[in-house]
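Under my numbering, residues 1199 to 1451 are what the sequence shown spells out, in order.
Backbone N, C-alpha and C define an ideal beta-carbon position, used for all residues, glycine too.
Because the structure is a prediction, the values reported are computed rather than measured.
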Amino acid sequence: MSLRATARIVAAPGGRLPVLESDGPLALRRTRSAGGPGSSRVTVVGAMSAPLGGDRLAVEAAVLEGARLTVDAAAATVALPGRTLEPAHYDVRLTVGRDAELRWLPEQLISACGSDLRMTTRVELAPTARLVLREEQVLGRHGESTGTLFTRLTVHRGGRPLFDQELLYGPGAPGGWDGGAVLGGHRAVGQLLVVDERLAHAERSPRLLGETAVLTPLAGPAVLVTAVAADARELRLILDDVLASQAAGRPAA
């Protein structure tokens, strides 16, 4: 039987979490925050194997005006085949209010052989909201081919489009998805999106970050880092280096 589950988070100023609702395989736990006084942190703990084919899972997070929230995960999410041939769906809906900050830092999403997952992430930002969002996908477990993975990330700031990207990998994807112009044989792909008013005066030219990553300024106070790597560990090292530079107020090297 397919699962239907929606977990909800609401973060308020002062580190308060007036809403913290787990559901089905999505268990939410308040954990110690490293973000200083007034910030809160929630860790998503997988309570069972999911998503499977036919499942419909969702996470909703709202960061109220002036609040600061970090959301991470205890382990990777593994998309698996189920008893039905229907795809699984995983929807993430994020809202960040005025002068609020959200750091959305889940673990990797692993597309296991035979799985079919459609994942959408939709973000609504107030004009003065800040966002750090990391996405990482690993195409297949060790020694196996990937499943089918469709992802879409849409970000609006002040009601206007800031970023909208679709990606499709695996069986059923257009030819060339694993070719030199896309993955070039790599099996881990990720991106880091940073939206912050302070970036309005930062350097506006794209640049390479090593051999398999690039930093691209967006048409707004935002930058996008896109990277591919041989495996999850190598990908995380690339993105963590950018995160550390961002936290220290330095440009990514």
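Helix, strand or coil at residue i [DSSP, three-state]
i, result
"residue 1343", "coil"
"residue 1384", "coil"
"residue 1419", "coil"
"residue 1160", "There is no way to answer for residue 1160, as the model of the chain reaches only from 1199 to 1451."
"residue 1377", "coil"
"residue 1398", "helix"
"residue 1231", "coil"
"residue 1371", "coil"
"residue 1236", "coil"
"residue 1407", "coil"
"residue 1309", "strand"
"residue 1430", "helix"
"residue 1297", "coil"
"residue 1303", "strand"
"residue 1211", "helix"
"residue 1443", "helix"
"residue 1435", "helix"
"residue 1284", "coil"
"residue 1223", "coil"
"residue 1351", "strand"
Best match in the options for proximity to residue i [C-alpha to C-alpha]
i, options, result
"residue 1298", "1305, 1280, 1327, 1292", "1327"
"residue 1228", "1337, 1273, 1239, 1292", "1239"
"residue 1307", "1293, 1278, 1322, 1266", "1278"
"residue 1323", "1261, 1222, 1309", "1261"
"residue 1225", "1248, 1340, 1384", "1248"
"residue 1302", "1275, 1331, 1281, 1280", "1331"
"residue 1236", "1395, 1212, 1392", "1212"
"residue 1296", "1287, 1265, 1269, 1202", "1265"
"residue 1343", "1310, 1287, 1294", "1310"
"residue 1392", "1413, 1411, 1420", "1420"
"residue 1388", "1232, 1374, 1354, 1436", "1436"
"residue 1243", "1233, 1370, 1274", "1274"
"residue 1406", "1384, 1424, 1433", "1424"
"residue 1367", "1400, 1312, 1217", "1312"
"residue 1254", "1288, 1272, 1282, 1223", "1288"
"residue 1345", "1383, 1334, 1272, 1370", "1370"
"residue 1353", "1375, 1335, 1325", "1325"
Presumed contact (8 Å Cβ cut-off) between residue i and residue j, rounded CB distance
i, j, result
"residue 1428", "residue 1379", "The pair is not a contact, with the Cβ atoms about 18 Å apart (cut-off 8 Å)."
"residue 1381", "residue 1426", "6 Å"
"residue 1390", "residue 1337", "18 Å between Cβ atoms; not a contact."
"residue 1315", "residue 1347", "5 Å"
"residue 1418", "residue 1329", "Residue 1418 to residue 1329, Cβ: 11 Å. No contact."
"residue 1201", "residue 1207", "Their Cβ separation, rounded to whole angstroms, is 19 Å, which puts residue 1201 and residue 1207 out of contact at 8 Å."
"residue 1234", "residue 1268", "In fact, because the Cβ distance is near 11 Å, the residues do not count as touching under 8 Å."
"residue 1433", "residue 1334", "6 Å"
Proximal residues to residue i (C-beta, below 6 Å), its chain only, five neighbours per side dropped
i, result
"residue 1351", "1319, 1363"
"residue 1349", "1317, 1365"
"residue 1257", "1205, 1290"
"residue 1270", "1241, 1303"
"residue 1321", "1292, 1353"
Close-in-space but distant-in-sequence residues of the same chain around residue i (CB under 7 Å, 5 per side omitted)
i, result
"residue 1284", "1251, 1252"
"residue 1221", "1203, 1204, 1205"
"residue 1416", "1360, 1361, 1422"
Contact test: residue i Cβ vs the ligand PLP heavy atom, cutoff 7 Å
i, result
"residue 1413", "Looking for the ligand PLP in the displayed structure turns up nothing, as the structure carries no ligands at all."
CB contact check: residue i to chain C, cutoff 8 Å
i, result
"residue 1214", "In the structure shown, chain C does not exist; there is a single protein chain."
Cβ neighbours of residue i in the same chain (closer than 8 Å, five flanking residues each side left out)
i, result
"residue 1340", "none"
"residue 1282", "1200, 1251, 1252"
Practice task
Enumerate, from N- to C-terminal direction, the unbroken beta strand (DSSP E) stretches of 3 or more residues contained entirely within the stretch 1247 to 1282.
Solution key: 1254 to 1261, 1266 to 1271, 1275 to 1277
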